[in-house]
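Asker:
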Amino acid sequence: MGRVRSRLAGALAAVSVLALVGVPIASAVQPSIVGGVPADQPYPFAVSLQQNSGEHFCGGALVAAEWVVTAAHCVQGREPAEFSARIGSLDRTQGGEVIEPAQVLPHPDYDPDGAGGDVALVRLASPAQAEPIALATGAEVGVPTRILGWGQTCPTEGCGTSPVTLQQLDTSVVDGAGCTAVFDPAVELCTGNPEGRKGACYGDSGGPEIIRAGERWLLAGVSSRPGVHDATCGTGPSIYTSVVAYTPWITEHVAPPPPSPQPTSSSQSTSGAPPTSGTPSPSGTPPATTPTPS
1 MGRVRSRLAG ALAAVSVLAL VGVPIASAVQ PSIVGGVPAD QPYPFAVSLQ
51 QNSGEHFCGG ALVAAEWVVT AAHCVQGREP AEFSARIGSL DRTQGGEVIE
101 PAQVLPHPDY DPDGAGGDVA LVRLASPAQA EPIALATGAE VGVPTRILGW
151 GQTCPTEGCG TSPVTLQQLD TSVVDGAGCT AVFDPAVELC TGNPEGRKGA
201 CYGDSGGPEI IRAGERWLLA GVSSRPGVHD ATCGTGPSIY TSVVAYTPWI
251 TEHVAPPPPS PQPTSSSQST SGAPPTSGTP SPSGTPPATT PTPS
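Have a look at this one:
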């Protein structure tokens with residue numbers, strides 16, 4: 001379950017070595033290495049971003065009827081016509097709603113070589129019927145979280161396909177010192193890897209990190225990249241973009257301020273000026289006119 005940079009050749013080499021020493025190849029790709037389990041409840045806000053071929057490439061979260069939050073690196077350079085969003089289904093191949101995007105908005109601060117700004121908005125071409133998730137107002141170190149995604153369940157790039165069913169993993173926000181890769185604690189969350197071997201992986205990018213608030217979930221983070229310089233998933237914490245830090249930017253687009261009120265006809269009539277001759281009265285009856293002398 002985040003985004004990691006490695007090479008398929010390295011993964012194949014590792015599998016070859018295991019085979020030579022007598023370890024069954026299947027043991028190298030067991031789902032338990034990354035540690036997610038199939039979703040145990042509906043997540044109506046969960047989004048699978050898919051290429052036009054139907055292939056999943058990133059996750060996202062529905063935050064308003066027409067808006068999805070995802071990672072900037074997922075959609076930067078993509079045209080709306082190049083992908084679609086499957087919303088509200090635990091199965092990435094069927095169910096839910098499939099809606100085409102109308103607009104892609106990566107955050108202007110996103111830098112693929114730096115920290116921060118790895119968040120984007122996708123405006124949908126039509127409103128989704130699924131229930132959106134609200135934004136969290138805080139996510140402090142130690143807060144229990146849950147990450148969701150359709151990313152690989154084995155730890156090296158190309159070692160397997162994305163699972164059909166949405167996966168979940170319970171973890172927490174940890175001290176930023178654990179994220180030894182480029183990391184900005186002001187706008188990012190360092191998210192733990194339980195048991196030292198579980199966490200986000202290829203295909204989970206853009207997916208949500210959520211926190212429980214009573215009977216509902218709140219969106220706290222967006223899957224960005226590994227927190228350590230290791231291409232193997234789960235070997236260290238993952239970095240998630242802090243939704244709290246980018247709430248002003250998100251709401252600026254998702255819920256823009258209403259337009260300034262315009263003067264109404266009733267306010268204009270309070271000046272006390274009588275209606276001009278020939279102007280209909282409120283009842284629709286033309287006002288009487290004074291006859292001119294003959």
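In the UniProt record's numbering, the protein residues as written are 1 to 294.
The beta-carbon is built from N, C-alpha and C at its ideal position, and this holds for glycine as well.
Source: prediction; values computed, not measured.
Among the residues of its own chain, which have a CB less than 8 Å from the CB of ILE99, if the five just before and after it don't count?
Answerer: SER84, ALA85, ILE87, LEU124, ALA125, SER126, ALA128
Asker: Quick one: what does DSSP say ILE133 is sitting in, helix, strand or coil?
Answerer: coil
Asker: What separation, rounded to the nearest whole angstrom, lies between the Cα atoms of GLN41 and ALA255?
Answerer: 29 Å
Asker: Am I right that THR145 and ILE210 are in contact with their C-beta atoms under 8 Å? What's the rounded C-beta distance?
Answerer: 7 Å
Asker: Could you tell me the distance, in whole angstroms, from the CA atom of PRO261 to the CA atom of ALA245?
Answerer: 31 Å
Asker: I want to know whether the segment 75-84 touches the segment 149-163 - three or more CB-CB distances under 8 Å.
Answerer: no
Asker: Near ASP91, which residues of its chain fall below 7 Å by C-beta distance, leaving aside the five closest residues on each side in sequence?
Answerer: VAL164, THR165
Asker: Residue ranges of each beta strand (DSSP E) run of no fewer than 3 residues wholly in the segment 127-185, ordered along the chain?
Answerer: Runs of the beta strand (DSSP E) inside the segment 127-185: 144-149, 167-172.
Asker: From the DSSP output, in three-state form, read off CYS190 for me.
Answerer: strand
Asker: Check for me: the beta strand (DSSP E) holding PRO208 runs from which residue to which?
Answerer: 208-213
Asker: If distances are taken between C-alpha atoms only, which option among GLY196, GLU131, ILE239, GLY36 comes closest to ALA186?
Answerer: ILE239
Asker: To the nearest angstrom, report how far apart VAL119 and LEU105 are at their CA atoms.
Answerer: 9 Å
Asker: Compute the beta-carbon to beta-carbon distance between PRO226 and GLY178, rounded to the nearest angstrom, for a pair I have assumed lies under 8 Å.
Answerer: That belief does not hold up - the Cβ atoms of PRO226 and GLY178 are roughly 12 Å apart, past 8 Å.
Asker: Measure the CB-CB distance between ILE147 and ALA61 and report whether it falls below 8 Å.
Answerer: no
Asker: Throw me the rounded Cβ distance for the VAL222 and VAL173 pair, which I believe falls under 8 Å.
Answerer: That belief does not hold up - the Cβ atoms of VAL222 and VAL173 are roughly 14 Å apart, past 8 Å.
Asker: Can you have a look at PRO101 and say buried or exposed, based on whether 16 or more other CB atoms are within 10 angstroms of its CB?
Answerer: buried
Asker: If contacts are defined as beta-carbon pairs under 8 Å, then PRO44 and GLU131 qualify, I think. What distance do you get, rounded to the angstrom?
Answerer: Correct: roughly 5 Å between the Cβ atoms.
Asker: Compare the beta carbon distance of SER48 and GLY36 with 8 Å and say whether it is the shorter of the two.
Answerer: Going by C-beta atoms, SER48 is not nearer than 8 Å to GLY36.
Asker: Count the other CB atoms within 10 Å of the CB of ASN52; is the residue buried (16 or more) or exposed (fewer)?
Answerer: exposed
Asker: Give the single residue among LYS198, VAL122, LEU169, VAL228 whose Cα lies nearest to the Cα of HIS107.
Answerer: VAL122
Asker: Is the separation between the beta-carbon of ALA220 and that of ALA139 shorter than 8 Å?
Answerer: In contact: ALA220 and ALA139 (Cβ atoms closer than 8 Å).
Asker: Going by other Cβ atoms of all chains shown within 10 Å of its Cβ, with 16 needed for buried, is ASP204 buried or exposed?
Answerer: buried
Asker: Could you tell me how far apart the beta carbons of LYS198 and GLY234 are, in whole angstroms, since I believe they sit closer than 8 Å?
Answerer: Correct: roughly 5 Å between the Cβ atoms.
Asker: In this structure, does DSSP put CYS201 in helix, strand or coil?
Answerer: coil
Asker: Rounded to the nearest angstrom, what separates VAL34 and GLU252 at their Cα positions?
Answerer: Linking VAL34 to GLU252 through their CA atoms gives a straight-line distance of about 36 Å.
Asker: Just confirm the distance between the C-beta atoms of VAL243 and ALA136, as a whole number of angstroms; I'd bet it's less than 8 Å.
Answerer: 6 Å
Asker: My assumption, with CB atoms under 8 Å, is that THR70 sits in contact with GLY206. Please give the rounded CB distance.
Answerer: 4 Å
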